[in-house]
Amino acid sequence: MTIEKFRRISLFALTSVLLAASLIWQGEQAAANEAEGYVVNVGGTHIKDVHVRKGKAYVPLKSLADAMGYEISYTLQEELDNFHQYELKAASSPPISIWGNDSWGYTIVRRATQEMSVNDIDIYKPARLCAEESDRCKLDKSRYDGPLFIKNTFYVPIRDMAKALNLKLTMTKTPKGHTIHLSLH
5 MTIEKFRRIS
15 LFALTSVLLA
25 ASLIWQGEQA
35 AANEAEGYVV
45 NVGGTHIKDV
55 HVRKGKAYVP
65 LKSLADAMGY
75 EISYTLQEEL
85 DNFHQYELKA
95 ASSPPISIWG
105 NDSWGYTIVR
115 RATQEMSVND
125 IDIYKPARLC
135 AEESDRCKLD
145 KSRYDGPLFI
155 KNTFYVPIRD
165 MAKALNLKLT
175 MTKTPKGHTI
185 HLSLH
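Taking my numbering, the leading residue of the sequence shown gets 5, the next gets one more, and so forth.
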């Protein structure tokens with residue numbers, strides 16, 4: 005191999021790496037810009053860490069729970085697959101469970117009582133693709149818009165959580181962006 009040919013191949017490889025890095029950075033910037041100017045107001049507490057994905061706004065679960073006065077507990081359920089289970093509890097409201105993993109997606113459930121019950125209400129349940137006449141299913145990632153991890157932080161969809169927590173959601177446009185208000189009915 006000649007030095008000139010080696011230089012061309014090296015230059016091509018370097019250009020390809022830089023182009024790929026640029027595209028990834030632009031995608032992250034576009035997502036950040038989409039969420040720019042969004043603030044969530046929960047009873048006077050402002051949550052500025054808002055992420056927008058596919059037109060749906062998300063906030064960190066901990067920030068939302070703290071603003072609402074809910075306690076969060078976490079359990080790792082080890083079964084055929086490891087499932088993460090988050091429980092939100094407050095004295096005057098029904099408990100909320102969020103459980104799942106990246107392979108199955110996360111389900112949001114408003115509990116009728118402290119324990120699982122037939123009267124529980126599924127607020128968000130991920131769509132799954134199942135082989136015909138089989139119970140072998142996988143998450144339909146193209147339709148998934150439930151809770152997700154972003155940089156080691158667990159984010160939940162605001163609209164679904166408002167429904168789970170029985171809150172009124174209103175959105176106002178301001179000169180600086182949008183404010184999403186969550187309040188008791």
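Even for Gly, the Cβ is constructed at its ideal location relative to N, Cα and C.
Under the three-state reduction of DSSP, MET175 is assigned to strand.
Assignment of beta strand (DSSP E) within the stretch 83–114, counting only whole runs of 3 or more residues, yields 86–94, 97–105 and 109–114 in chain order.
Annotation: LYS142 is outside any alpha helix (DSSP H); the continuous beta strand (DSSP E) that includes it extends over 141–143. Taking a contact to require three or more Cβ pairs closer than 8 Å, the stretch 64–79 and the stretch 89–96 qualify as touching.
Here TYR110 has ILE102, GLY104, GLY150 and PRO151 as same chain residues with Cβ atoms under 6 Å from its own Cβ, once five neighbours each way along the sequence are excluded.
SER146: not part of any beta strand (DSSP E); DSSP gives it neither H nor E.
By the neighbour-count criterion, in which 16 or more other beta carbons inside 10 Å mark a residue as buried, ARG115 falls on the buried side. The stretch 154–171 makes contact with the stretch 48–67, as at least three CB pairs between them are under 8 Å. DSSP places ASP126 in the uninterrupted beta strand (DSSP E) bounded by 125–128. Look at SER187 here: in three-state DSSP terms it is strand. Counting the other Cβ atoms within 10 Å of the Cβ of MET165 gives 16 or more, which makes it buried. Straight across, the Cα-Cα distance linking PRO99 with THR117 is about 7 Å.
Rounded to whole angstroms, LYS52 and GLU75 show a C-alpha spacing of 21 Å. In this structure VAL44 is not in contact with VAL56, their Cβ atoms being roughly 12 Å apart against a cut-off of 8 Å.
In this structure, DSSP gives LEU152 an extended state, which the three-state scheme calls strand.
Non-local beta-carbon contacts of VAL113 in its own chain, meaning distances under 6 Å to residues more than five positions away in sequence, involve SER101, ASP124 and ASP126 in chain order. With a contact defined as Cβ atoms closer than 8 Å, ALA69 and ILE184 miss out at about 16 Å.
Under the DSSP assignment, LEU68 falls in the alpha helix (DSSP H) whose first and last residues are 65–72. Between the alpha carbons of LEU143 and ALA135 lies a distance of about 12 Å.
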